[in-house]
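In what follows, a structure is listed as structure tokens, so that the remarks can point back to it.
Residue numbers (full-length UniProt numbering): 1 to 62.
What follows is the structure, given as structure tokens:
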């Protein structure tokens, strides 16, 4: 490999890496573990039950 080709190859690889860093990330969602999903689901159900209780008491008072 001659000197000019080697220099061009190095510059191309550096440019490629820099371009890859600036490229937007993929649309892939962040991984959420099974335990975290269960915890989030439990919190959501708890909040929905609290909201249901509040709406029931509001309708009972009217």
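Positions of the beta carbon are idealized from the N, C-alpha and C atoms, including for glycine. From a predicted model like this one, the values you see are computed outputs, not experimental measurements.
In this model, residue 39 and residue 46 are separated by some 10 Å (Cα to Cα). Within the model, the alpha-carbon separation for residue 7 versus residue 1 is close to 10 Å. In the structure shown, residue 33 falls within a coil segment according to DSSP collapsed to helix, strand and coil.
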